[in-house]
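Residue numbers (the working numbering): 464 to 581.
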């Protein structure tokens, strides 16, 4: 078992302005099936529309934003959760001071950076 606090995990740059990620649970900790990430988007920051061949489970922890699949926009706030199926386009934009969310993905080589592997 491992117990940690998210603020003890370093924030990493995502390559998108105003967006950081913390890899809370990854294969580095021994996770074999899933990885858990904590994203923070500052007001106005966005992750553009993209897709992957794996699903996402997301829980909005703080703030407000817009989640889109390219056809529909959903306004989300703390307490909302969503499921993004494999290969469905998805993008995020912070409309409040921040948009902070947990995102769980399968522990697949193509989904997780090399430095998060044991």
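Positions of the beta carbon are idealized from the N, C-alpha and C atoms, including for glycine. None of the values given here were measured: they were computed from a predicted structure.
_I need the straight-line Cα distance from residue 574 to residue 503, nearest angstrom please._
Taking the straight line from one Cα to the other gives about 19 Å.
*If you compare alpha carbons, which of 557, 578 and 581 is closest to residue 629?*
Here the chain covers residues 464 to 581 and nothing more, so residue 629 does not appear.
*asked:* Count Cβ pairs between the region 538-550 and the region 470-490 that sit closer than 8 Å; are there 3 or more?
replied: The region 470-490 and the region 538-550 do not touch, with fewer than three beta-carbon pairs separated by less than 8 Å.
*Assuming residue 440 contacts residue 491 under a Cβ cut-off of 8 Å, what Cβ separation, rounded to an integer in Å, is found between them?*
One cannot answer for residue 440 here, as it falls past the ends of the chain, which runs 464 to 581.
*asked:* Any heavy atom of the ligand SAM closer than 7 Å to the beta-carbon of residue 517?
replied: Only the bare structure without any ligand can be found here, which leaves the ligand SAM out of the picture.
_Can you find the residues in the same chain that come closer than 8 Å, C-beta to C-beta, to residue 550, ignoring five residues on each side of it along the sequence?_
Answer for residue 550: 514, 515 and 516, listed in chain order.
*Please check the pair residue 521 and residue 564, which I expect to be a contact at CB under 8 Å, by giving their CB distance rounded to whole angstroms.*
About 5 Å separates the two Cβ atoms, so the contact holds.
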